[in-house]
Amino acid sequence: MSEHDAQVIVVGGGPAGSTTAFFLARAGCDVLLIDRVAFPRDKPCSEYLSPQASRLLNELGVLEALLAAPSAQLTGMRVHAPDGTVFEGSFAGATGYRAFRDFGLAIRRPLLDTALLMCAEQAGARIRTGVDVRDLALNGNGRVEGVIAREEGRQLTLHAPLVIGADGLRSVVARRAELGKHGRRPRRLALVRHYRGVMHEAAVGDMHVFEGGYAGFAPVGDDLTNVAVVIPTRQSREIGNDRDAIMARLLASQPRVAARLAYAEPATPTRAIGPFNWHARRAWTPGAVLVGDAADFFDPFTGEGMYAAMRGAELLSTYAFEAVRAKNDASADVALAAYDRCRRHEFRGKWAVERAIATAIASPLLINLAAKALARRADLADLLVGVTGDFVPARAVLKPTFVLQLIAAALQSREKPVASALPAGYQIAQR
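Quick look at the structure:
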């Protein structure tokens, strides 16, 4: 009998883990995916996939099924600045770029995660839930050779030549391997809850920025809306007391946000997630590698976390396949190091855009000016939203000409910026 339980152990059954398991199993690897909870399961999240994520869903063969499930197709993003200025960007704007689909998909995580997990299983991956990973198993040379976990009250060790940490922001794999840390600024966490009866003027994702944080609204089907409030971690001492009450108080403190909820009712308990701004100094150690939020998650404002997780999994699968088929440990490490370089090259531009946006939303003055400029220049708004939608390259908004056009539009005074208003409103179509 082989001394290994699998060629690859994937820790975590979210989008990053299931997508990684799918690609590796399809390539012929013996994959064991483990998660500490059974599926379907809920998870605090924006529950939004950018337009380009549809390409990956299609590759996994699950896109049409998810489109037919309770969900919402979002045609763009709308941002409300603290002074009431609003700008909106369309995924179908005349940017010169096209996404795989002209809409983002908002869908509940129990539906999405279960569907992706089934894709991995159908591709040949073995799924084992109820396995709570506590540590990494190391050989005499300090190389990762498996995981130490608890299952049904007993401790066990599972062995594999490669362990993939796809276990999210609180990744045990990343922490035990000492691969990453939280950045100093910004340090934020989120409270997430679903509501019924939220008013939506259009089929878009809405972000309301206020001093110290922001609130996001995304319809997810069945008349449910995912509402998230993101605040500094310094307020975290209050969170553990009564999350529902704190969430209600935060929402009520912002008039424009409260107006959206005038006729809404809570449908789920409030959940907390964070802190964000987690980054791995490198995404691998001998015998183990990170993907998805376990490797990097900056801030949820741009809403592309699930695309980054799935795209990262797609990138990793080629190098992970090489690592498990390598003739020796040194060759396996070369493959894992190459993945890390590829990952950084793929996402470097997006990381720069995310940090620029974070700087703007942290300053009422900057976000108000930026919103005025983008309200006047719909073409620039479409371009920026296209970058966050993962189909416009980041360089399109990082180049000097875009920045200069943005500054010029912000300095204009002859046009009155669009003011935030929420009249009677109407519900967008949700499946």
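Count along the sequence shown from 1, then add 3; that gives the number in our numbering.
By construction, the Cβ of each residue, glycine as well, lies at the ideal position given by its N, Cα and C atoms.
None of these values were measured; they are calculated from a predicted model.
Residue span of the alpha helix (DSSP H) that contains residue i, given as start and end
i    : result
I360 : D332 to I364
Y266 : Element bounds for Y266: n/a, residue is neither H nor E.
L63  : Careful: L63 lies outside any alpha helix (DSSP H) and carries neither H nor E.
D116 : R112 to A126
A412 : P403 to L414
Euclidean distance between Cα positions of residue i and residue j
i    : j    : result
E154 : G133 : 6 Å
Q10  : D296 : 23 Å
P47  : P18  : 14 Å
R190 : N280 : 6 Å
D382 : L407 : 14 Å
A140 : W287 : 15 Å
R285 : A177 : 10 Å
A427 : A71  : Here A427 scores only 42 on pLDDT, less than 50, and its place in the model should not be relied on; the value that follows carries that caveat. Roughly 29 Å separates the two Cα atoms.
F25  : V337 : 23 Å
I110 : Q125 : 22 Å
S93  : V233 : 24 Å
R179 : D138 : 6 Å
V400 : E349 : 16 Å
G16  : V201 : 31 Å
G127 : A30  : 10 Å
A28  : A123 : 7 Å
A432 : R199 : In this prediction, A432 has a pLDDT of 44, which is less than 50 and means its spatial position is unreliable; what the coordinates show is noted afterwards. In a straight line, the C-alpha of A432 is about 14 Å away from that of R199.
S5   : I130 : For S5, the pLDDT reaches just 49, beneath the cut-off of 50, and the residue's location in the model is therefore unreliable, although a value from the coordinates is still provided. S5 and I130: Cα-Cα distance of roughly 19 Å.
A422 : R259 : Residue confidence is low: A422 scores 46 on pLDDT, short of 50, so the model does not pin down where it sits. Its coordinate-derived value is still stated next. Their backbone Cα atoms lie some 11 Å apart in a straight line.
G208 : P164 : 42 Å
L194 : G186 : 20 Å
A221 : K330 : 48 Å
Q257 : T391 : 25 Å
L425 : Y310 : Low confidence applies to L425: its pLDDT is 44, below 50, so where it sits in the model is not reliable, and the reading given next is rough at best. Distance between the alpha carbons of L425 and Y310: 31 Å.
W354 : A361 : 10 Å
V166 : F213 : 41 Å
P367 : R188 : 17 Å
K184 : A374 : 32 Å
A41  : E50  : 19 Å
Burial state of residue i (16 or more Cβ within 10 Å)
i    : result
P272 : exposed
S21  : buried
T98  : buried
E181 : exposed
A248 : exposed
L120 : buried
R263 : buried
N229 : buried
T23  : buried
D245 : exposed
L414 : exposed
Q55  : buried
A312 : buried
P403 : exposed
A255 : exposed
R39  : buried
Of the residues the options, the one placed nearest residue i, counting alpha carbons only
i    : options                   : result
A323 : H348, G277, E349 and D33  : D33
T305 : Y266, A248, D393 and R314 : D393
A335 : T160, V147, L369 and R263 : V147
Y266 : A169, N371, D226 and G87  : D226
I410 : M80, A340, L372 and A384  : L372
G219 : P164, Y310 and D302       : D302
L52  : D105, A399 and F42        : D105
P396 : T228, R101 and P43        : R101
A318 : K330, A123 and R344       : The identity of residue 318 in the sequence shown is Leu, whereas the question assumes Ala. Taking only the C-alpha atoms, the option nearest L318 is R344.
T206 : D170, H7, E91 and V65     : Contrary to the premise, residue 206 reads as Ala rather than Thr in this sequence. Checking every option, the nearest Cα to that of A206 belongs to E91.
H7   : L161, N331, R351 and P403 : L161
G168 : D135, R237 and G208       : D135
L377 : Q76, G290 and H83         : H83
P235 : A275, R328 and A326       : A275
R314 : L293, V327, N331 and K375 : L293
I12  : R398, R346 and S320       : S320
S239 : G277, L77, G171 and P403  : G277
D332 : G290, G352, R346 and F300 : G290
L77  : S57, G107, G183 and R58   : G107
A384 : R398, F405 and P367       : F405
R379 : T88, R252, M80 and S57    : T88
R358 : L339, D299 and D45        : D299
Beta strand (DSSP E) segment containing residue i, residue limits
i    : result
K46  : K46 -> no beta strand (DSSP E), and no H or E assigned at all.
T132 : R129 to T132
M80  : G79 to H83
E91  : V89 to S93
G149 : V147 to E154
V11  : V11 to V14
G389 : It is not in any beta strand (DSSP E) - G389 instead sits in the alpha helix (DSSP H) that spans A381 to T391.
G168 : L165 to G168
Q55  : Here Q55 belongs to no beta strand (DSSP E), and DSSP marks it neither H nor E.
What are the uninterrupted segments assigned as beta strand (DSSP E) that are 3 or more residues long and contained completely in the region 205 to 254, given in chain order? If we require 3 residues or more, the beta strand (DSSP E) runs fully inside the region 205 to 254 come out as 207 to 213, 216 to 224 and 227 to 235.
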